[in-house]
Amino acid sequence: MPTAAPRPSVLFVCVHNAGRSQMAAAFLTHLTGDQIEVRSAGSAPADSVNPAVVEAMEERGIDISAEIPKVLTTEAVQASDVVITMGCGDTCPVFPGKRYLDWQLHDPAGQGVDAVRPIRDEIERRVQRLISGLSGPGGSGTSNAHGA
13 MPTAAPRPSV LFVCVHNAGR SQMAAAFLTH LTGDQIEVRS AGSAPADSVN
63 PAVVEAMEER GIDISAEIPK VLTTEAVQAS DVVITMGCGD TCPVFPGKRY
113 LDWQLHDPAG QGVDAVRPIR DEIERRVQRL ISGLSGPGGS GTSNAHGA
């Protein structure tokens, strides 16, 4: 009986892990179920997820109100095939064989839900493109490309 290929893993990183990275992780989980292992973290995690981000995601039927920002660890980077920073200047340890992307996105910190919606929508578009890339030929290949 053939062994199933290991599922790809993605880590979304933003300094506070309270907005962009939480939305990206939630969209990827929502759209792929358990087909992809999804993580999010930040170098200086906030105490809670941004309430405007929670509200904006609820509008899409995705409840992230119970999520808690997590600290970025070397182990999380090592365990991920794709590491995506959210344009927030956070840095990750670099390991061979990983794919690194940087998504330049506006920061939802201190913004109301009206300002968060376009950020949410752009993250959703990028996550959908990411899914196509992960399932296509050479999907979890390595690269230092920026964007997606």
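Last residue of the sequence shown: 160 (the working numbering), numbering continuous. All C-beta atoms in this analysis are idealised placements derived from N, C-alpha and C, irrespective of residue type, glycine included.
How would you write the range of the beta strand (DSSP E) that residue i sits in, first residue to last?
i, result
"F24", "S21 to V25"
"V94", "V94 to T97"
Sort out for me which residues DSSP pairs residue i with in a bridge.
i, result
"V83", "G54"
Let me know the secondary structure DSSP gives residue i once reduced to three states.
i, result
"D46", "coil"
"R138", "helix"
"E119", "As written in the sequence, residue 119 is Asp, which differs from the Glu given in the question. Note: D119 maps to coil in three-state DSSP."
"P130", "helix"
"T41", "helix"
"V89", "helix"
"A36", "helix"
"V125", "helix"
"I10", "The chain is shown only over 13 to 160; residue 10 falls outside these bounds and no answer can be derived."
"P18", "coil"
Thinking C-beta only, is residue j closer than 8 angstroms to residue i?
i, j, result
"C26", "C100", "yes"
"V139", "S92", "no"
"R19", "A68", "no"
"P81", "H28", "yes"
"M35", "R141", "no"
"I76", "V61", "yes"
My understanding is that residue i touches residue j, with C-beta atoms under 8 angstroms, so please give their C-beta distance in whole angstroms.
i, j, result
"V83", "V89", "That pair is no contact at about 12 angstroms."
"E136", "F24", "Their Cβ separation, rounded to whole angstroms, is 13 angstroms, which puts E136 and F24 out of contact at 8 angstroms."
"A37", "V50", "5 angstroms"
"D119", "G31", "7 angstroms"
"I48", "L113", "15 angstroms between Cβ atoms; not a contact."
"M98", "S33", "5 angstroms"
How far does the alpha helix (DSSP H) with residue i in it extend, from its first residue to its last?
i, result
"V66", "P63 to E70"
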